[in-house]
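Worksheet for the structure shown next.
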Amino acid sequence: EMLRRNMTIRGHHVEAVRPSAIFGKLVNQPTLRKWLGYIDKYILFPIKLRSRARGFAVMHVCDHSNSMYLAHAGGAPCSITCHDLLAIGAAQGAYPERKISISGRVQQRWILKHLDWARHVVCVSANTASELADIRGNGAPGVVVIPNALSPECMPAQEEDVRNLRTRIGLAADQRYLFHVGGNQW
Numbered sequence: 011e012m013l014r015r016n017m018t019i020r021g022h023h024v025e026a027v028r029p030s031a032i033f034g035k036l037v038n039q040p041t042l043r044k045w046l047g048y049i050d051k052y053i054l055f056p057i058k059l060r061s062r063a064r065g066f067a068v069m070h071v072c073d074h075s076n077s078m079y080l081a082h083a084g085g086a087p088c089s090i091t092c093h094d095l096l097a098i099g100a101a102q103g104a105y106p107e108r109k110i111s112i113s114g115r116v117q118q119r120w121i122l123k124h125l126d127w128a129r130h131v132v133c134v135s136a137n138t139a140s141e142l143a144d145i146r147g148n149g150a151p152g153v154v155v156i157p158n159a160l161s162p163e164c165m166p167a168q169e170e171d172v173r174n175l176r177t178r179i180g181l182a183a184d185q186r187y188l189f190h191v192g193g194n195q196w
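Take any residue in the sequence shown, note its place counting from 1, add 10, and you have its number in the working numbering.
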């Protein structure tokens, strides 16, 4: 949304297109809902995307896990953002403690294969760009590193707010800490 909003502010016509839940919302059972959602994502959405992509100068896919959509750009040049390659690496056995199902390994091979459809790959870190070059085995043509942006609302907290928070959670002014943003899943 931030990318769409700021490109529009700069005078570009931007349309965000995403899969709709049709089959995926028919049932409440999580596993069945996931598999029915794949119909929405991998069968119905590419049809919609092909028709919507016509007439656009560029198609950008905001997450590399959706690289299969690059094949449905209707001939428009494509770019994609690659956030990390953890799932692909896990599927290739780089993290033996992480067990990946057969369907998960197939899906990650599919994602990696379709990354080659992008004229440009935006990696959010030099480490991700290096890993991509290693995994591809063909270097990193068309890869550029652009770190994730922050929303303008993200700014340093006021010193008084920091002191109050430290007091509330019992951290001394000189005590170091690790701030973890995200989940505790692998």
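Built from N, CA and C at the ideal position, the CB exists for glycine as well.
The alpha-carbon of His70 is positioned some 23 Å away from that of Asp144. Non-local C-beta neighbours of Ala31 in its own chain, meaning closer than 7 Å and more than five positions away in sequence, comprise Gly47, Asp50, ordered along the chain.
Taken through DSSP and simplified to helix, strand or coil, Ile145 comes out as helix. For His124, the enclosing alpha helix (DSSP H) stretches over residues 112–125.
DSSP, read as helix, strand or coil, puts Val172 in helix. Within 10 angstroms of the beta-carbon of Phe55 lie 16 or more other beta-carbons, which makes it buried. Boundaries of the alpha helix (DSSP H) around Met12: 12–19. Contact annotation: the region 74–90 touches the region 119–132, with at least three C-beta pairs closer than 8 Å. By the neighbour-count definition (other C-beta atoms within 10 Å, threshold 16), Cys164 is an exposed residue. Here the alpha carbons of Leu13 and Ile19 stand approximately 10 Å from one another. Taking C-beta atoms under 8 Å as the contact rule, Arg60 and Gly84 qualify, at a distance of about 5 Å. Contact between Leu160 and His124 fails: their C-beta atoms lie close to 29 Å from each other, not under 8 Å. For Ser89, the enclosing beta strand (DSSP E) has its first and last residue at 88–92. DSSP places Val155 in the uninterrupted beta strand (DSSP E) bounded by 153–155.
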